[in-house]
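Chemist:
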Amino acid sequence: MNGSEIFGAWVAVFLTLGIFSYLYKDNPFYKIAEHVFVGVSAGYWMTMAFWTQVQPNLFGRLWPIPEGEISGFLMKAWYGIYNIFGFVLPSVFPDGGIDKGHGHDPHFLYLLPFALGIMMLLSVSSKLSWLARLGIAYTVGMAAGLRAYAFLNSNVLGQIKGSAVSFVDMPWFSLTGVSVFNNLIILVGTITGLLYFYFSKEHSGHFGKVTRVGIYFLMISFGASFGFAVMGRISLLIGRFTDLITYGTSTYSYASIWVLLIMIVLLVVWTIKGEKKTVS
Amino acid sequence: MEKFLDFIVRAGSLDRRYIFIVIALVVILPLFFPLGLPIRPTSSSQDVYNTVEKLEAGDKALVSFEYGPSTKPEIHPMAVALLRHLFQKDVKVYITCLWPDGQFMAMEALEQVADNQYNKVYGEDYVLLGYRPGAEAIIKGLVSNIRKVYTVDSRGDFLDDIPMMVDVNQVADFDFLFSASAGYPGTVEWVQYAADPVGITMSTGTTSIQVNEVMPYVQSGQIQGILGGMPGAAEYESLIGQAGIGTSGMDAQSVAHLVIVGFIIFGNISFFVERRRSKKY
Amino acid sequence: MFMKRQLPIAIAATIGFLTLFGWFVDEPHIKSFVDDDATQWFDILASFAMFLGALNLLKMQAIKVIRKQKGWPYAALAILGFTFSFTAGFILLGSYNVEISQYDDPAKVATVLASEINLDEKSAENILIAMPEGDTYIIDTPYFTKSGADNVVEQINAAGGTANMRATEWGSHISTRGSLFNWMFRFIFTPLSATMFALLAFFVASASYRAFKIRNFEATLLLISGIIIMLGRVPIGGHISAWFILYIVVLALSAGVNTWFKNRTYTLASVVGGVLLVTIAGFIMGWPVDQPAIFYLPVLQDWIYNNPNVAGARAIMIGIGLGIFATSIRYILGIEKSYIGE
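First to last, the sequence lines map onto chains Z, G and C.
Residue numbers are given in the numbering used here: position 39 of the first sequence equals residue 39, and the series is strictly consecutive.
Residue numbers are given in the numbering used here: position 193 of the second sequence equals residue 473, and the series is strictly consecutive.
Residue numbers are given in the numbering used here: position 18 of the third sequence equals residue 579, and the series is strictly consecutive.
Set out below in structure tokens:
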């Protein structure tokens with residue numbers, strides 16, 4: 001175990017217990033951990049987006065490593081711009097070009113998303129914020145086109161297909177496998193559940209009775225979702241406690257124990273000081 | 281009797297910090313003092329196991345890692361257990377990642393299972409293609425032509441230089457697809473853009489919260505079985521006969537669930553007593 | 562005006578149509594654009610949206626600090642956190658590898674290597690000897706500073722080996738174990754994000770106790786379904802006898818009888834009768850834990866999970882699918898204009 005790992009463990013324990021300290025009440029440790037999280041995660045996602053997307057797929061296509069000598073005024077000017085960028089940010093723009101497997105010729109078409117992206121960034125300024133609409137419009141159109149088909153095919157048609165089952169050669173009832181009763185339950189539940197979401201007609205009379213059955217099936221489903229949500233959260237908590245236990249061993253100089261003790265003492269002092277202030 | 285009912289009503293509005301302490305103790309203590317409760321696999325975990333059991337030596341499995349450290353306790357154990365099962369059967373494993381963190385998780389799992397346990401050879405028994413950003417675009421790309429999406433693997437080696445990539449050009453060339461998923465992009469996208477259009481046999485493991493979202497695909501046969509969260513991981517570990525992190529967390533999970541159910545019941549008893557009293561007066 | 566209103570709608574409509582019909586059209590240029598370029602542009606723009614989010618965050622925190630508003634020291638901490646991760650991502654690589662390609666005397670080089678890889682000298686020597694001809698051995702953990710790596714290279718060269726320093730490539734550093742960015746990911750980002758999620762476990766427990774009340778039949782169904790899933794899916798559920806559940810069912814039915822008939826005699830009769838019936842049945846069957854199967858929690862849980870639960874989840878999924886399809890068509894046809902602020 002090297003020094004950076006042990007130091008890292010102490011930092012991790014401090015931040016973990018800082019977040020957990022919110023369970024007592026909102027306190028400076030929690031605020032520190034929360035604000036560090038906000039800053040670090042913004043930087044983290046920005047870095048990831050840049051190095052996994054923008055640098056290889058955008059800049060890598062605009063300025064790939066050329067094959068042989070650069071010829072022609074346009075290309076020389078184009079790579080001249082690249083060299084200027086490279087002078088300012090050598091880590092992002094290495095010498096010669098960016099080799100990410102996109103061939104050797106620049107894809108000038110990618111200037112469009114570059115321009116749209118820059119326009120998006122300009123929305124920080126209130127005067128130019130309307131420019132971001134163009135980039136947003138592109139993403140909205142793209143997502144709409146992709147999802148319209150995918151959701152209709154898999155979520156609607158696929159599910160309707162799954163609901164249409166044969167009752168031939170099947171037992172009437174089975175707790176563990178397929179059966180006529182089970183398939184009927186699924187069919188009735190799906191149809192009545194769907195009818196519940198039909199709000200163009202008032203839920204009264206016979207239709208109201210049918211939608212009542214639908215809501216019962218939906219409630220069973222929500223109950224199951226609640227059960228799974230509890231399960232998931234407890235699993236994550238187990239994961240955190242397992243890490244804290246690991247960091248509380250001698251390998252990490254009993255980080256968890258020391259940080260916990262120090263935090264408890266400081267929180268008690270902070271609470272007492274706060275109460276004294278309220279009294280006075 | 282009245283005093284007892286008074287106590288119940290007062291306990292119903294207990295300071296939530298006492299509840300927090302109880303939950304913390306209930307989760308920590310079984311980690312130190314395991315109960316060793318036996319694990320009973322559910323039908324959905326059994327379906328995943330049976331699907332993998334049908335694979336033969338030399339078959340090709342595409343495993344996709346789309347989870348990160350925040351959901352690692354739930355999904356990493358099932359990913360490790362699946363890799364153990366696949367390597368036990370000498371299935372060739374191809375790993376892709378739709379989440380950037382997924383690549384870290386895959387590297388950890390492979391180091392534990394492929395390198396340290398089964399002594400598998402990189403490039404011949406398993407390959408880590410790595411993370412590519414793009415979500416559905418990557419899945420669609422893999423469905424049409426893997427080499428459009430991956431020119432090199434995660435180590436920077438060209439795909440054509442990797443022995444096990446010979447004759448592997450698209451998703452249809454695989455025999456099995458598994459998505460270890462914690463959200464978007466994940467299981468749903470694999471079903472919509474790969475499993476449904478191509479017809480490849482697919483199973484999945486998801487966080488507990490996502491299980492209900494994915495269940496209809498499982499019931500309709502679009503996905504063969506599902507491993508749900510840490511309990512699903514523990515069930516799979518018991519099926520392959522190798523206990524892991526999933527199993528060790530199950531005692532804490534069991535006791536915590538029992539306590540929460542107890543809280544719900546007690547809270548409702550208090551609610552009924554209070555309601556009866558207010559009706560009386 | 563055209564640029565601000567009509568052009569964005571035209572872009573959304575054109576790209577939307579192209580992507581939607583790209584699923585059905587077999588023309589190679591359109592397919593290539595839709596499958597490759599269009600989706601790549603989408604991801605690039607999503608990345609720029611990420612940059613915009615970070616910039617906005619910095620702007621707001623900076624305003625707080627400059628105007629010394631309430632909580633400004635914490636805002637300064639947020640900016641510091643951002644600066645640290647930006648530095649780890651773009652400025653300080655923190656990942657320099659030492660590669661050993663040759664050695665004259667493995668024992669001499671092993672004396673240097675042993676301390677770097679935390680092994681004894683004999684094990685380090687064995688590692689060097691096992692190195693195939695022409696291969697290089699790379700010390701597992703990269704060095705944080707260039708000078709640290711250079712120092713080790715000098716020592717190995719002085720001990721008769723041939724070593725050189727290789728900096729991790731920018732871009733690969735985000736996924737290389739040992740880099741500063743990776744350190745930040747493992748010891749700052751991961752604990753924080755995991756703990757934020759795990760914190761909810763406590764609030765779920767608190768909510769279950771204080772807010773989860775049976776006020777009507779629907780809430781009862783939700784609660785019972787939740788309890789059965791929670792207990793049935795964990796090992797402890799297998800240890801709760803089906804007979805225990807049967808007794809609870811008898812009590813619940815008796816409560817129903819009491820609510821319906823409001824007659825103490827009927828209630829007492831249903832309780833006593835039910836309990837007697839269950840006890841006699843239990844004695845006859847020998848009190849097996851998992852019979853009758855329908856009252857055994859794992860089996861009951863499985864049935865609920867695979868049948869009524871799927872029905873409800875499927876209804877929601879179909880509803881969402883139809884909703885998304887309808888909304889997507891509205892965006893493509895330009896009927897929905899919320900993304901331009903209308």
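All residues carry an ideal CB built from backbone N, CA and C; glycine is no exception.
At a CB-CB cut-off below 8 Å, which residues of chain C make contact with His35 (chain Z)?
Modeler: Within 8 Å Cβ-Cβ: Tyr635, Ala636, Leu638, Ala639, Gly642.
Chemist: With a threshold of 16 other CB atoms inside 10 Å of the CB of Gln630 (chain C), please say whether the residue is buried or exposed.
Modeler: Exposed, because fewer than 16 other Cβ atoms sit within 10 Å of the Cβ of Gln630 (chain C).
Chemist: Taking C-beta to C-beta, are Ala759 (chain C) and Arg240 (chain Z) nearer than 8 Å?
Modeler: In this structure, Arg240 (chain Z) lies closer than 8 Å to Ala759 (chain C) by Cβ.
Chemist: Starting from Met482 (chain G), follow the beta strand (DSSP E) in both directions and report where the run begins and ends.
Modeler: Taken as a continuous stretch (DSSP letters only), the beta strand (DSSP E) holding Met482 (chain G) covers 482–486.
Chemist: Establish whether the CB of Val586 (chain C) and some CB of chain G are separated by less than 8 Å.
Modeler: No - not a single Cβ of chain G is within 8 Å of the one on Val586 (chain C).
Chemist: Does Asn399 (chain G) pass the burial test, meaning 16 or more other C-beta atoms within 10 Å, or should it be called exposed?
Modeler: By the 10 Å Cβ count, Asn399 (chain G) comes out exposed.
Chemist: Please work out which residues of its chain come closer than 7 Å, Cβ to Cβ, to Glu686 (chain C), disregarding the five sequence neighbours upstream and downstream, and give them in chain order.
Modeler: Taken in chain order, the residues that qualify are Pro667, Ala668, Ala671.
Chemist: Which one of G:Tyr329, G:Phe312, G:Ile540, G:Gln499 has the shortest CA to CA distance from Gly158 (chain Z)?
Modeler: For Gly158 (chain Z), the nearest C-alpha among the options comes from G:Gln499.
Chemist: Using the Cβ count rule (16 or more neighbours within 10 Å means buried), how would you classify Ser434 (chain G)?
Modeler: The residue in question, Ser434 (chain G), is buried, as its Cβ has 16 or more Cβ neighbours within 10 Å.
Chemist: Only counting the same chain, and skipping five residues up and downstream in sequence, which positions put a Cβ closer than 6 Å to that of Pro859 (chain C)?
Modeler: Same-chain partners within the cutoff: Gly793, Gly798, Gly799.
Chemist: Tell me, to the nearest whole angstrom, how far the beta carbon of Gly732 (chain C) is from that of Ala144 (chain Z); I am working on the premise that it is less than 8 Å.
Modeler: Contact doesn't hold; Cβ gap of about 32 Å is too wide.
Chemist: At a CB-CB cut-off below 9 Å, which residues of chain G make contact with Gly162 (chain Z)?
Modeler: Those are Pro496, Tyr497, Gln499, Ser500, Gly501, Gln502, listed as they occur along chain G.
Chemist: Could you name the residues of the same chain whose beta carbon sits closer than 6 Å to that of Met445 (chain G), not counting the 5 residues immediately before and after it, in chain order?
Modeler: If we look at Met445 (chain G) and ignore the five residues flanking it on each side, its Cβ neighbours are Leu439.
Chemist: Just the C-alpha distance for Thr481 (chain G) and Asn658 (chain C), rounded to the nearest angstrom, thanks.
Modeler: Whole-angstrom Cα-Cα distance: 42 Å.
Chemist: Taking 8 Å as the CB-CB limit, is Met510 (chain G) close to chain Z?
Modeler: Yes - at least one Cβ of chain Z is within 8 Å of the one on Met510 (chain G).
Chemist: For Ile503 (chain G) and Ser174 (chain Z), what's the separation of their Cα atoms in angstroms?
Modeler: Rounded to whole angstroms, Ile503 (chain G) to Ser174 (chain Z) spans 22 Å at the Cα level.
Chemist: Let me know the secondary structure DSSP gives Val811 (chain C) once reduced to three states.
Modeler: It is helical.
Chemist: Please compile the residues from chain G whose C-beta is within a distance smaller than 8 Å of the C-beta of Lys774 (chain C).
Modeler: The contacting residues are Gly547, Asn548, Phe551.
Chemist: Going by DSSP in three states, Ala137 (chain Z) sits in which element: helix, strand or coil?
Modeler: Note: Ala137 (chain Z) maps to helix in three-state DSSP.
Chemist: Let's test the definition: count the other Cβ atoms within 10 Å of the Cβ of His104 (chain Z) and tell me whether it reaches 16, buried, or not, exposed.
Modeler: Exposed is the call here.
Chemist: Nearest CA to the CA of Glu354 (chain G): which residue from G:Gly524, G:Val289, G:Ile540?
Modeler: Ranking G:Gly524, G:Val289, G:Ile540 by Cα distance to Glu354 (chain G) puts G:Gly524 first.
Chemist: Going by the beta-carbon positions, is the gap between Ile785 (chain C) and Gly189 (chain Z) smaller than 8 Å?
Modeler: Not a contact, by the Cβ cut-off of 8 Å.
Chemist: In whole angstroms, what separates the C-alpha of Glu416 (chain G) from that of Val448 (chain G)?
Modeler: Rounded to whole angstroms, Glu416 (chain G) to Val448 (chain G) spans 20 Å at the Cα level.
Chemist: Whose Cβ in chain G lies nearer than 9 Å to the Cβ of Asn905 (chain C)?
Modeler: Residue 905 (chain C) lies beyond the stretch modelled for chain C, which goes from 562 to 903, so this question has no answer here.
Chemist: At least one CB of chain Z closer than 8 Å to the CB of Gly880 (chain C): is that the case?
Modeler: So, interface residue.
Chemist: Run through chain G and tell me which residues come within less than 9 Å of Asp701 (chain C), C-beta to C-beta.
Modeler: Neighbours of Asp701 (chain C) on chain G: none; closest Cβ ~11 Å, over 9 Å.
Chemist: Counting pairs of beta carbons, one from the segment 29–37 of chain Z and one from the segment 630–649 of chain C, are three or more of them closer than 8 Å?
Modeler: Counting Cβ pairs under 8 Å, three or more are found: they touch.
Chemist: Would you say Val371 (chain G) lies against chain Z (beta-carbon separation less than 8 Å)?
Modeler: With 8 Å as the cut-off, Val371 (chain G) does not count as an interface residue toward chain Z.
Chemist: Return the bridge partner residues of Tyr770 (chain C) from the DSSP annotation.
Modeler: Beta-bridge pairing links Tyr770 (chain C) to no other residue.
Chemist: For Arg147 (chain Z), does the three-state DSSP call read helix, strand or coil?
Modeler: Three-state DSSP puts Arg147 (chain Z) in a helix.
Chemist: So with CB distances below 9 Å, who are the chain Z contacts of Ile540 (chain G)?
Modeler: Neighbours of Ile540 (chain G) on chain Z, chain order: Val230, Ile234.
Chemist: In this structure, what does DSSP give as the bridge partners for Ala872 (chain C)?
Modeler: Answer is none; Ala872 (chain C) lacks a bridge partner.
Chemist: Looking at chain Z, is there any beta carbon in it that lies within less than 8 Å of the beta carbon of Arg738 (chain C)?
Modeler: Output row for Arg738 (chain C): interface = no.
Chemist: Using 8 Å as the limit for Cβ to Cβ distance, is Met170 (chain Z) near chain C?
Modeler: Chain C, which has no Cβ nearer than 8 Å to the Cβ of Met170 (chain Z), makes this no.
Chemist: Taking its Cβ as the centre, do 16 or more other Cβ atoms sit within 10 Å of Met846 (chain C), making it buried, or is it exposed?
Modeler: Exposed is the call here.
Chemist: Which residues of chain G have a Cβ atom closer than 8 Å to the Cβ of Met726 (chain C), listed in chain order?
Modeler: Here the premise fails: no neighbours, minimum Cβ distance about 19 Å.
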